[in-house]
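Trainee: Take this structure, written in structure tokens, and hold onto it; I'll ask about it next.
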Amino acid sequence: MAPLMGRVASPLSSIGGQVVRLGTQGIPMKALTPDGGALRDTFVRDGYVQLPGFRAGEELAEIERNLTRFIDEIVPTLPSDEVFYEDKRDRTSLKQIQRMHDHDPFFKQLIVEGPFRVVAEQLLGDRVVPKNLQYFNKPPGVGQPTPPHQDGFYFMLDPCEAVTMWFGLDEVDAENGCVRYLPGSNRQGMRPHTPSDTLGFSQSIANYGPADSASEVAAVARPGDLLAHHALTVHLAGANRSVNRQRRSLGFIYYSQSARVDEAKHQEYRRRLVQELAASGKI
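Going from the sequence shown to my numbering is simple: count from 1 and add 79.
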């Protein structure tokens, strides 16, 4: 296993100096209080929280079964701009699926009515709008690094109030590309971005330097763990350098109901991106 760089987040969630104890459904009991309490305080301060064991047992198994069904039955029917492969000639190199909730009732219910939405509303302190349910993987040996970025750069919101959730399906550490955060970066505004060559992550922070790298916190995770970060939180992930370990996850995106999207700008960005990906042969 490759050595970890920077700090490592605890495998148990530390919120307000206390280890989070989970309720019977895997949700921290404090996380469901109306005022948000310590969970929201940590989210506002650090820009992210980690909830170990958020889903487990049969609930986690049900998600896995439906994911397998989705990949086997639905992915072959999707347009090329919603399914990305590390090598589009190799179907085992699947790396990203967009908008799963638009194509399947199980995943629509999961993002609209499931416990993920409950926590999203607590973290943002507002009602939320479900926007995207994604699948991510870094296949062993070929999974590429995710460049440092802020999700809000893609979202184009005013105000930039949104949360992204990363729900782990495999054991994840530095060797197979765990997520890394810059604590407190959510309170420092939007940084300049520049185009990247990474499929599925078209932008990278332009001035990311050694001081940033030294501040990274590696979020080691297990199946069923939930990471949640603010749209302004700087984050990245390494390549999957392992021989045979997958690095699968589901991503949930929720916008605050008070946020407004610049639709014209967003659609133009997406149009140009799809053209560039097609022209380069990546989709």
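We put the CB at the ideal spot given by N, CA and C, even for glycine.
1. So, is Gly256 buried or exposed, given that buried needs 16 or more other C-beta atoms within 10 angstroms?
2. Within 10 angstroms of its Cβ, does Met179 collect 16 or more other Cβ (buried), or is it exposed?
3. Just to confirm the assignment: which complete alpha helix (DSSP H) runs, minimum length 4, are found wholly within the stretch 272-335?
4. Going by DSSP, which residues form a beta bridge with Ile190?
5. Considering only C-alpha positions, which residue in the set Asp249, Leu261, Phe331 and Glu192 is nearest to Ala135?
6. Provide the residue span of the beta strand (DSSP E) that contains Arg144, from first to last.
7. Measuring alpha carbon to alpha carbon, tell me which residue in Arg324, Thr273 and Ser337 is nearest Gly220.
8. Between the stretch 264-283 and the stretch 149-161, do three or more beta carbon pairs fall short of 8 Å?
9. Helix or strand or just coil, what does DSSP make of Arg270?
10. Spatial neighbours of Arg339 within its chain, please: C-beta separation below 6 Å, excluding the five flanking residues on both sides.
11. Exposed or buried, Asp276, counting other C-beta atoms within 10 Å across all chains shown (16 or more means buried)?
12. Could you tell me which of Gln213, Glu141 and Gly303 sits nearest to Phe163, measuring between CA atoms?
13. Please go through the same chain and pick out, in chain order, the residues whose beta-carbon is closer than 7 Å to the beta-carbon of Pro226, but skip the five residues on each side of it.
14. Within this structure, are the beta carbons of Val258 and Leu306 separated by less than 7 Å?
Mentor: With the structure as the only source:
1. Stepping through the sequence shown from its first residue, residue 256 is reached at position 177. Gly256 comes out buried.
2. In the sequence shown, the residue the question calls residue 179 occupies position 100. Buried: at least 16 other Cβ atoms inside 10 Å.
3. Fully enclosed alpha helix (DSSP H) runs of 4 or longer: 289-294.
4. Numbered from 1 along the sequence shown, position 111 holds the residue referred to as residue 190. DSSP, once it has assigned bridges, lists no residue as partnering Ile190.
5. One-based indexing of the sequence shown puts residue 135 at position 56. It is Asp249.
6. Locating residue 144 in the sequence shown gives position 65, where the first residue counts as 1. Careful: Arg144 lies outside any beta strand (DSSP E), inside the alpha helix (DSSP H) at Gly136 to Arg148.
7. Here residue 220 is taken as the residue at index 141 of the sequence shown, counted from 1. Comparing Cα positions, the closest option is Arg324.
8. Contact between the stretch 264-283 and the stretch 149-161 is absent, because fewer than three Cβ pairs lie under 8 Å.
9. On the sequence shown, residue 270 is found 191 positions in, with the first residue counted as 1. The answer is coil: DSSP assigns Arg270 none of H, G, I, E or B.
10. Sequence index remark: in the sequence shown, residue 339 carries index 260 (1-based). Sequence-distant partners of Arg339 (beyond 5 residues in either direction) whose C-beta falls short of 6 Å from its own C-beta, in its chain, are Asp237.
11. In the sequence shown, residue 276 corresponds to position 197, counting from 1. With a 10 Å radius around the Cβ and a threshold of 16 neighbouring Cβ atoms, Asp276 comes out exposed.
12. Locating residue 163 in the sequence shown gives position 84, counting from the first residue. The candidate whose alpha carbon is nearest that of Phe163 is Gln213.
13. Within the sequence shown, residue 226 is the residue found at index 147, counting from 1. The residues are Ser275, Thr277, Phe280, Ser283 and Leu315.
14. Taking the sequence shown and counting its residues from 1, one reaches residue 258 at position 179. Taking the sequence shown and counting its residues from 1, one reaches residue 306 at position 227. Result yes, Cβ atoms of Val258 and Leu306 sit closer than 7 Å.
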